[in-house]
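The structure appears below as structure tokens.
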């Protein structure tokens, strides 16, 4: 396969991205591994554009300190907490780290590869966020639009509240799915808007009383067009806009259906032609092609037989499979203010709108959110790194999946980072973030 012009060959004279040294210098002991990484990076190419590769020091990072990413990942592999993963990092638009760790198939003893395909789970949500911002830019929808304008079945929703006291309408913050308390239904005072769905403030299937008494689980069946209207039968967990509670598999699917309606495209077609193709996300799929089956990570201890089959339900919440490289492209586009490879998907102002905190002052129910953290449109935002116990800067934003796929942008440090795991192990993610931050020297 030919090498793209943007990633120079290590043996080519006159290059600007990778330095050569003819005499000993500091960090020579770690240079051989760095050279091997760059050479391997250059070898992983596809037709089309590529992010350039750079020597870490040329963009204000330390090659020696970046090796701590590998050390941290290996520590968690040796402890049996994760089977392996892929980590990638770019600064100022140039890739300085891209490594595979551990095993992609434990039983077969197959080493992890940089082009391994991962189940993205809720990392799908950020793609929905970009798609929504595109149709908002085009004036096809507005965040303030009531959802009922597009899906009449969701126009007159009801809210589940406690049966007693009858004089008050109380929606408990959290409810166990089995044996929920006695309830009654009251008409919602506020219609669900697109803004509510994008910020998880709609009350639709977000782990509260309405979801518990609906009798529904996480089923998604048929198509968006056939399933989404049936959600009009589901009581809301709370009055829209009064709190934030994560709608893991439902709320953003409604937005995906609205995008289908206003664009006259299937949601899968929209994201393919408007996002994946322009960003060279060539390994991102709802239905994994059989030719790529050998590249999917076999998750240790989990039956994966139902995850990669053909689907007709193209969710905005979950469902994608992808690679570290593809999500590095996606996240770099956002770091760049909406542009990559000469193709502009969003304006910088729109990216700012998408990644600003839209839930200030709202109480948070459930496991999402917390001190120092906010929510943009389908992405999480760091407001105060100390309060959030985060190694990202204030203003950093990103998304993550339940199996351990995390990507984020840190505009203050000009950082784009991706870690792909298939075991949701928080310490490994924290250590990766910490290793990235301590490697910044300029």
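Residue numbers (the numbering used here): 12 to 453. All C-beta atoms, glycine included, are put in the ideal place defined by N, C-alpha and C.
{"Query": "Residues near residue 289 in its chain [Cβ-Cβ closer than 6 Å; skip 5 each side]", "Result": "354"}
{"Query": "Per-residue burial, residue 167 [other beta carbons within 10 Å of its own, 16 or more giving buried]", "Result": "exposed"}
{"Query": "Residue 108 versus residue 351 - alpha carbon distance", "Result": "19 Å"}
{"Query": "Cα-Cα separation, residue 406 to residue 162", "Result": "34 Å"}
{"Query": "DSSP beta-bridge partners of residue 102", "Result": "105, 426"}
{"Query": "Whole-angstrom distance between residue 383 and residue 397, CA atom to CA atom", "Result": "7 Å"}
{"Query": "Contact set for residue 427: own chain, Cβ-Cβ below 6 Å, skip 5 residues either direction", "Result": "101, 342, 343, 346, 420"}
{"Query": "Coarse secondary structure for residue 250, derived from DSSP in three states", "Result": "coil"}
{"Query": "Residue closest to residue 413, alpha-carbon to alpha-carbon, out of 332, 60, 201", "Result": "332"}
{"Query": "Nearest-angstrom Cα separation, counted from residue 361 out to residue 172", "Result": "37 Å"}
{"Query": "Cβ neighbour criterion (16 or more within 10 Å) applied to residue 49", "Result": "Because residue 49 sits at a pLDDT of 45, beneath the cut-off of 50, its placement in the model cannot be relied upon, and the following sentence gives the value as read from the coordinates. The residue is buried, with at least 16 neighbouring Cβ atoms inside 10 Å."}
{"Query": "Inter-residue CB distance, residue 239 and residue 142 (contact presumed, cutoff 8 Å)", "Result": "15 Å between Cβ atoms; not a contact."}
{"Query": "Inter-stretch contact (C-beta, 8 Å, three-pair minimum) for the segment 132-140 and the segment 370-377", "Result": "no"}
{"Query": "Three-pair Cβ contact test at 8 Å for the segment 262-269 versus the segment 290-307", "Result": "no"}
{"Query": "Reference residue 190; option with closest CA among 202, 164, 220, 211", "Result": "220"}
{"Query": "Buried or exposed by the 16-neighbour rule on C-beta atoms within 10 Å, applied to residue 422", "Result": "buried"}
{"Query": "Beta-ladder partner(s) of residue 122, from DSSP", "Result": "114"}
{"Query": "Contacts around residue 432, its chain only, beta-carbon distance under 6 Å, and the 5 residues preceding and following it disregarded", "Result": "93, 96, 415"}
{"Query": "Residue 369 beta carbon less than 8 Å from that of residue 291", "Result": "no"}
{"Query": "C-alpha distance - residue 61 paired with residue 429, whole-angstrom precision", "Result": "16 Å"}
{"Query": "Reduced DSSP secondary structure (H/G/I, E/B, other) of residue 91", "Result": "coil"}
{"Query": "Endpoints, the beta strand (DSSP E) within which residue 286 is located", "Result": "Per DSSP, residue 286 belongs to no beta strand (DSSP E) and is neither H nor E."}
{"Query": "Beta-bridge pairing of residue 355 - partner residues as DSSP gives them", "Result": "350"}
{"Query": "Contacting residues, own chain, Cβ-Cβ under 7 Å from residue 395 (five flanking each side not counted)", "Result": "383, 405"}
{"Query": "Residues bridged to residue 195 [DSSP beta-bridge criterion]", "Result": "172"}
{"Query": "For residue 363 and residue 282, the rounded distance between their alpha carbons", "Result": "21 Å"}
{"Query": "For residue 189, the three-state DSSP class (helix, strand or coil)", "Result": "coil"}
{"Query": "Proximity winner among 123, 296, 130, relative to residue 435 (alpha-carbon distances)", "Result": "130"}
{"Query": "Terminal residues of the beta strand (DSSP E) in which residue 452 lies", "Result": "Careful: residue 452 lies outside any beta strand (DSSP E) and carries neither H nor E."}
{"Query": "Alpha-carbon to alpha-carbon, residue 210 and residue 188", "Result": "23 Å"}
{"Query": "Cβ pair residue 298, residue 128 closer than 8 Å", "Result": "no"}
{"Query": "Outcome for residue 444 when other beta-carbon atoms lying within 10 angstroms are tallied against a minimum of 16", "Result": "buried"}
{"Query": "Given 8 Å, three or more beta-carbon pairs between the segment 247-256 and the segment 303-323", "Result": "no"}
{"Query": "Straight-line Cα distance separating residue 63 from residue 152", "Result": "36 Å"}
{"Query": "Three-state class that DSSP yields for residue 405 in the structure shown", "Result": "coil"}
{"Query": "Whether residue 140 touches residue 390 by CB criterion (8 Å)", "Result": "yes"}
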